[in-house]
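Here's the structure we're looking at; comments come further down.
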Amino acid sequence: MVHTTTYSTTTTTPRRHGLFSRTHKVHHQKRHASIGDKISGAFLKLKGTLTGRPGQKAAGTRRMHGTDGLGSHRRRRFF
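If you use the UniProt record's numbering, the sequence shown corresponds to residues 1 to 79, in order.
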């Protein structure tokens, strides 16, 4: 009995990336959270947990991590 092997080839075109397509992991700018930021963020998080407000809890987490928007977002300048 003779075994024959069949080969098939496929061609793929390289992926084109548009002007606004994001293919890499986005890095979020962080500011340096001070001890006061960490304490107030923890209390804000606790307050959100006790009052059942997940948005306030998330805001406390963002404040603790330094990603709450107070100088943590880059702004594009044209001049």
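Each residue gets a CB set at the ideal place from its N, CA and C atoms; glycine is no exception.
Proximity of residue i and residue j at Cβ, strictly below 9 Å
i          : j   : result
H32        : G66 : yes
residue 97 : K45 : Shown here, the chain extends from 1 to 79; a query on residue 97 therefore has no answer.
M64        : G41 : yes
Alpha carbon of residue i to alpha carbon of residue j, nearest angstrom
i   : j   : result
F43 : G36 : 11 Å
G69 : S34 : 14 Å
K30 : R62 : 10 Å
V26 : P54 : 24 Å
T5  : A58 : 59 Å
Residue i beta carbon near the ligand GDP (any heavy atom closer than 8 Å)
i   : result
F43 : Among the components modelled here there is no ligand, and therefore nothing to report on the ligand GDP.
Segment limits, alpha helix (DSSP H) that includes residue i
i   : result
S40 : I35 to T51
G56 : According to the sequence shown, residue 56 is Gln rather than Gly. Run containing Q56: P54 to H65, per the alpha helix (DSSP H) assignment.
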